[in-house]
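K.L.:
Quick note, the sequences are listed as chains A and B, same order. For our numbering, add 14 to where a residue sits in the first sequence, where the first one is 1. For our numbering, add 860 to where a residue sits in the second sequence, where the first one is 1. So that we are looking at the same thing, I have put the structure below in structure tokens.
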Amino acid sequence: MKQFFLKKKIYTVLLLLFVLVVSFLNLYGNKKTYGNYCKELQTVTNLSQFKVWMEKGEHLFESQIPGKQLYVEIYSILQKVMGKKEFHNFQYIMDQDGMVYYGSTYPRGTDDLEEYADRIKALETYVENNGASFFFCMAPCKITRGISQVNRSLLLNDPNIRMDTLLSKLQQRNVHSLDLRIPLMESGKPLSELFYFADHYWTSKGALLGMIALVDELNDYYGENLDPTLYYRDLEQYDSKVYENVVLGSDGKRIGLASCGLEDFVHLYPRNYEKSLYSWSCEDATLSRNGNLREALFLEEKLAPTDFFTDTIYRVYLDQIHEKDTIINHNNPNGLKVAVLRDAYFSPMAVYLAPMVGELDLYRNNSEAAAQKLLQSIEKKQYDYVIYETYPYNMEEENFPFFEDKIARNTVSKNTERGLHEK
Amino acid sequence: MHFSSIVFIFVFLPIALLGYYLFYFSKELKNLWLVLISLVFYGWGDPIFLLFPIGIAGITYLAGILMDSMKFAKKGILWGIVILNILLLARFKFVDNVNEMLNLITSHGQVQIPILLWPIGMAFMVLRSISYVADIYKGEMKADRNVLHLLLYMMFFPFVSAGPFIKYTNFAMQLAERKMNSRKFSIGCTRFTIGLGKKVILADNLGYVSELIFNWSRLGVGNISVPILTAWFGIVAFSLQIFLDLSGYCDMAIGLGLLFGFEFPENFDYPYLAANVSEFWEKWHITLVQWFREYVFLPLGGEEKENKDLVIRNLAITCFLLAFWHGERSTFIFLAMWHFLFLFLEKFIDQDWKSEYKWCLHIGTLLEVIIGWVMFRADDIYQAYVYLQNMFGINRTGLGDVKTWFLLKEYGLFLAVGILFCFPISKKANTYLVENHDRFLVKVLSVLYPIGLFAVLLICLSYILVTENTGFVYF
Chain A
15 MKQFFLKKKI YTVLLLLFVL VVSFLNLYGN KKTYGNYCKE LQTVTNLSQF KVWMEKGEHL
75 FESQIPGKQL YVEIYSILQK VMGKKEFHNF QYIMDQDGMV YYGSTYPRGT DDLEEYADRI
135 KALETYVENN GASFFFCMAP CKITRGISQV NRSLLLNDPN IRMDTLLSKL QQRNVHSLDL
195 RIPLMESGKP LSELFYFADH YWTSKGALLG MIALVDELND YYGENLDPTL YYRDLEQYDS
255 KVYENVVLGS DGKRIGLASC GLEDFVHLYP RNYEKSLYSW SCEDATLSRN GNLREALFLE
315 EKLAPTDFFT DTIYRVYLDQ IHEKDTIINH NNPNGLKVAV LRDAYFSPMA VYLAPMVGEL
375 DLYRNNSEAA AQKLLQSIEK KQYDYVIYET YPYNMEEENF PFFEDKIARN TVSKNTERGL
435 HEK
Chain B
861 MHFSSIVFIF VFLPIALLGY YLFYFSKELK NLWLVLISLV FYGWGDPIFL LFPIGIAGIT
921 YLAGILMDSM KFAKKGILWG IVILNILLLA RFKFVDNVNE MLNLITSHGQ VQIPILLWPI
981 GMAFMVLRSI SYVADIYKGE MKADRNVLHL LLYMMFFPFV SAGPFIKYTN FAMQLAERKM
1041 NSRKFSIGCT RFTIGLGKKV ILADNLGYVS ELIFNWSRLG VGNISVPILT AWFGIVAFSL
1101 QIFLDLSGYC DMAIGLGLLF GFEFPENFDY PYLAANVSEF WEKWHITLVQ WFREYVFLPL
1161 GGEEKENKDL VIRNLAITCF LLAFWHGERS TFIFLAMWHF LFLFLEKFID QDWKSEYKWC
1221 LHIGTLLEVI IGWVMFRADD IYQAYVYLQN MFGINRTGLG DVKTWFLLKE YGLFLAVGIL
1281 FCFPISKKAN TYLVENHDRF LVKVLSVLYP IGLFAVLLIC LSYILVTENT GFVYF
């Protein structure tokens, strides 16, 4: 009987030691953070503030738990051992090849798209009233017919119906659109070359194909003459450098290394990059760079991550996204002036598009302030083109922060200030 | 704060234990410390909630003293406390229903009762308060003159939220005479971890699947079909979830009690193995059902052998009061009717079946319970109705589809392990280990035991930190 309880006593010692050590490391290792947190108590004046303060403390302790990534890995190993293909209660679903998709347990409706289409139409009208051309650019996603072999009957978050619906609504309103699913489908490239396994972003090659389609559209539909030698639209003219095992995608960070593993980053850049001069600046992060294409537009230092769980390789393109970025191509001062209201999906496309245009202004599409800046700039800067780009999963209210329904459905005044979010 | 939260495990519990054992020299100081940390536990989410246990404890304390000191009006005080507690319960649980009625009457909803958040463990506090004064009324005990003891009884953090229910006489005895030793402490630690594992690893995962499938049968999501097998998978998952969640909570509560020297009664005795509905209710949430038996069913007359009509009436009242205690949802009334129907039938049907056919009774009971859980889980009658139709193929949704197999593949293991917990395997394994402690295999298992349990703890923490941490079914 003594022996029977001995094992429980050993476990008790283990448990107590573990709990005390973790608590101590958490509190001691973050004493400054907790010190500041405790100081906040002095500013608490009523019960509701006290509740918020307590809640914050709970979250703080949980977020600072030492070795948090270890627990993600335990979860990941467990999922792998159990042969599970869904993660985080169907937030992610992995196919047989290890490609991670967004999961969903309820079909998403399309009712909200009518409103977004109206807003885009209003934006188009406004842009055209200011002498520029406008088109809508639908970024692709992993679940694309002809590329992805995933079983669509699984609990996948398939945005294709929403994408098709929005495009059709825009067509009804005579808004020109570019569907970037098509060039990817026509490329014949496998999904693994176009998208990261454990990230929703596309690879350099995917983005390059997107850029080619965009330039083709500007030439064929709008009659521009960009890249007449087809240099930048020829994949053969790009050097590639493979950085092995450096990518742990944003989905992989949550699912864990054990299930996702590390991926390679294939860095593609035009061969003639040395002869070029660009400058890139962003307003909010106060970053700016000058130099040739690689020096100015690729943040190649991001390709040597020190911590896979916190570093984001995608930041190699213009540091991912800011409120507003500006790229100036000093080699082409008379080139097109293009403004893009975009999400992070457009960052690599912007980099690859830069050699063919004169100036690119990139505005974040889920920011009211950025949208306002864009509308003001449209009046002042005389853009040649304004493009609205969105990633399919970003087709949400916050990504259309311009011309709310009342204004959009009536007349879009030249004086746009009133049109901006009359809340 | 609940037992499966990081703050509870790494902050609250160590502080509670350290403080408690610092006062090893004085039982009263230890009890005072327990009151203080229980107040912190209870007031964690919203300190305003502390008014309720303090208020109930104060009123119950005064009622007890009055009953003790007065020779008359005892019954009046008892009824006063009962009505007060029922009103309190109704104030929180039925405010929505009353507001709906007021809406209908006043047509514009000018008169509305403010909706208040439900204080954790309120329903159990009501039971403790009533049992305390009822026991004094029955002469089973004297009123406790120490108000802190009663406050601790109302809100002792291991059992404040969902039991197990313990009578005051038992609790008071343990307050005065509990003894602590390393064996008790180590059993407490292991029991807490096992309960945490049942809750976090099994109940939460199964709960997610059942929630998913039930939501597919909700009003407004008619475009999602739920085939027969999916519906059954969902309800079996819920049946396991509610069992593992509640029994996991009770394991943790019993374990925590042991860490502070208290011994709480067991609350579950493999209920899904019951051979009839009466037996199920003897094995399910035992202390709660015993409360209703002792303080409702028996005072009404109980099992009067001569008059079966009275027994049935008493049974019906008890069933409906149990439903009322659980909450305001109309589905609870249907659940009460459903169980009452079978309890009623069992009074008249001879169940003395030959042993080789006993399995039919077990399966029949299990089916009755599982179908009953549809009414417990559904948010409203519509959802319960649609769900039951799905289960029996009335909605013509087919036997299964790709989703069914996908869900089964992804969550089948949790289901299988959950089912294992419905059988007394660990009980038998323990007996085997004790009886065969000299065997090599047993020695190996003894070495692996702490490692395995520690692994369970790490897995629980990973689930808590990685996935969304959900509360308990009964909170």
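Every residue gets a Cβ at the ideal spot worked out from N, C-alpha and C, and that includes glycine. Computed from a prediction, not measured in an experiment: that's the story for all the values here.
Taking the continuous alpha helix (DSSP H) assigned at residue 107(A), which residues delimit it?
P.N.:
No alpha helix (DSSP H) contains residue 107(A), which is instead part of the beta strand (DSSP E) from 106-108.
K.L.:
Determine the DSSP secondary structure at residue 397(A), reduced to helix, strand or coil.
P.N.:
If DSSP states are grouped into helix, strand and coil, residue 397(A) belongs with coil.
K.L.:
Applying a beta-carbon distance threshold of less than 8 Å, which residues of chain B neighbour residue 19(A)?
P.N.:
Those within 8 Å of residue 19(A) in chain B are 1043, 1046 and 1047.
K.L.:
Buried or exposed for residue 432(A), going by 16 or more other Cβ atoms inside 10 Å?
P.N.:
With a pLDDT of 38 at residue 432(A), under the threshold of 50, the modelled position of this residue cannot be trusted; read the value that follows with caution. Residue 432(A) comes out exposed.
K.L.:
Can you check which of these residues, 29(A), 164(A), 235(A) and 78(A), is closest to residue 147(A) by C-alpha distance?
P.N.:
For the residues 29(A), 164(A), 235(A) and 78(A), the minimum Cα distance to residue 147(A) belongs to 235(A).
K.L.:
Look at the alpha carbon of residue 954(B) and the alpha carbon of residue 947(B), and state the distance between them as a whole number of angstroms.
P.N.:
Residue 954(B) and residue 947(B): Cα-Cα distance of roughly 10 Å.
K.L.:
The beta strand (DSSP E) spanning residue 281(A) covers which residue range?
P.N.:
Element bounds for residue 281(A): 277-284.
K.L.:
Using only the heavy atoms of the ligand GTP, determine whether one of them is closer than 7 Å to the beta carbon of residue 1247(B).
P.N.:
Here there are no bound small molecules, and the ligand GTP is not part of this structure.
K.L.:
Inspect the CB distances between the segment 1115-1132 of chain B and the segment 1249-1267 of chain B and report whether three or more fall short of 8 Å.
P.N.:
Short answer: they don't touch.
K.L.:
Does the distance from the CB of residue 149(A) to the CB of residue 392(A) come in under 8 Å?
P.N.:
No, Cβ-Cβ distance for residue 149(A) and residue 392(A) is not below 8 Å.
K.L.:
Under 8 Å between C-beta atoms, does residue 1159(B) make it to chain A?
P.N.:
Taking Cβ atoms only, chain A never reaches closer than 8 Å to residue 1159(B), which makes this a no.
K.L.:
Count the other C-beta atoms from every protein chain shown that fall within 10 angstroms of the C-beta of residue 422(A), then say buried if there are 16 or more, exposed otherwise.
P.N.:
Residue placement at residue 422(A) is flagged as unreliable, the pLDDT there being 47, under the threshold of 50; the coordinate-derived value follows with that caveat. Its Cβ being crowded by 16 or more others within 10 Å, residue 422(A) is buried.
K.L.:
Can you list the residues of chain B that residue 85(A) reaches, using a CB-CB cut of under 7 Å?
P.N.:
Correct list: 1321, 1322, 1325 and 1326.
K.L.:
Which residues does DSSP list as the beta-bridge partners of residue 101(A)?
P.N.:
According to DSSP, residue 101(A) bridges with 106(A).
K.L.:
Can you tell me whether DSSP reads residue 152(A) as helix, strand or coil?
P.N.:
Strand, per DSSP.
K.L.:
Quick one: what's got a C-beta closer than 6 Å to residue 1031(B)'s C-beta in the same chain, skipping five residues either side?
P.N.:
Only 1013 meet the Cβ criterion.
K.L.:
When Cβ atoms are compared, which residues of the segment 902-930 of chain B fall closer than 8 Å to chain A?
P.N.:
Cβ contacts with chain A: 904, 905, 906, 907 and 908.
K.L.:
Would you mind telling me which residues of chain A sit closer than 8 Å to residue 1050(B), beta carbon to beta carbon, in chain order?
P.N.:
Correct list: 22, 25 and 26.
K.L.:
Got a sec: is the Cβ-Cβ distance from residue 89(A) to anything in chain B below 8 Å?
P.N.:
With 8 Å as the cut-off, residue 89(A) counts as an interface residue toward chain B.
K.L.:
Do residue 348(A) and residue 371(A) have their C-beta atoms closer together than 8 Å?
P.N.:
No, the pair does not count as a contact, with Cβ atoms beyond the cut-off.
K.L.:
Take residue 945(B) as the anchor and find which of 1017(B), 1317(B), 917(B) and 931(B) has the nearest alpha-carbon.
P.N.:
Residue 945(B) has its Cα closest to that of 917(B), out of 1017(B), 1317(B), 917(B) and 931(B).
K.L.:
Among 965(B), 1094(B) and 1300(B), whose alpha-carbon lies nearest the alpha-carbon of residue 1264(B)?
P.N.:
For residue 1264(B), the nearest C-alpha among the options comes from 1094(B).
K.L.:
Taking only beta-carbon positions, decide if residue 1318(B) is within less than 8 Å of chain A.
P.N.:
At least one chain A Cβ lies under 8 Å of residue 1318(B).
K.L.:
Taking just the CA atoms, how far does residue 1063(B) sit from residue 1101(B)?
P.N.:
Roughly 4 Å between the two C-alpha positions.
K.L.:
Under 8 Å: do the segment 104-115 of chain A and the segment 259-276 of chain A share three or more Cβ pairs, one atom per stretch?
P.N.:
Touching, yes, given that three or more Cβ pairs across the two stretches are closer than 8 Å.
K.L.:
Determine the contact status of residue 84(A) and residue 1053(B), defining contact as a CB-CB distance below 8 Å.
P.N.:
Not a contact, by the Cβ cut-off of 8 Å.
K.L.:
Would you mind reading off the limits of the beta strand (DSSP E) that contains residue 340(A)?
P.N.:
Segment 338-343, the beta strand (DSSP E) holding residue 340(A).
K.L.:
Taking the straight line between their C-alpha atoms, what separation do you get for residue 1322(B) and residue 90(A)?
P.N.:
Approximately 9 Å between the Cα atoms of the pair.
K.L.:
Helix or strand or just coil, what does DSSP make of residue 297(A)?
P.N.:
DSSP places residue 297(A) in coil when its eight states are reduced to three.
K.L.:
Name the DSSP beta bridge partners of residue 353(A), please?
P.N.:
375(A) and 400(A), per the DSSP bridge assignment.
K.L.:
Taking just the CA atoms, how far does residue 1276(B) sit from residue 167(A)?
P.N.:
Rounded to whole angstroms, residue 167(A) to residue 1276(B) spans 25 Å at the Cα level.
K.L.:
Could you give the C-beta distance for residue 1134(B) and residue 1143(B), rounded to a whole number, given that I count them as a contact under 8 Å?
P.N.:
Going by Cβ atoms, the distance from residue 1134(B) to residue 1143(B) rounds to 6 Å, so yes, they are a contact pair.
K.L.:
Since I believe residue 220(A) is in contact with residue 211(A) (beta carbons under 8 Å), could you give me their beta-carbon distance rounded to a whole number of angstroms?
P.N.:
Rounded, the Cβ-Cβ distance is 13 Å, inconsistent with contact.
K.L.:
Strictly below 7 Å CB to CB, what residues from chain A border residue 1310(B)?
P.N.:
Within chain A, the residues near residue 1310(B) are 21, 24, 25 and 28.
K.L.:
Beta carbons nearer than 9 Å to chain A: which residues of the segment 1252-1270 of chain B have them?
P.N.:
Those residues of the segment 1252-1270 of chain B that come within reach of chain A (Cβ to Cβ, closer than 9 Å) are 1261, 1262, 1263, 1266, 1267, 1269 and 1270.
K.L.:
Beta-carbon of residue 75(A) versus every beta-carbon of chain B: anything under 8 Å?
P.N.:
True, the Cβ-Cβ gap to chain B drops below 8 Å.
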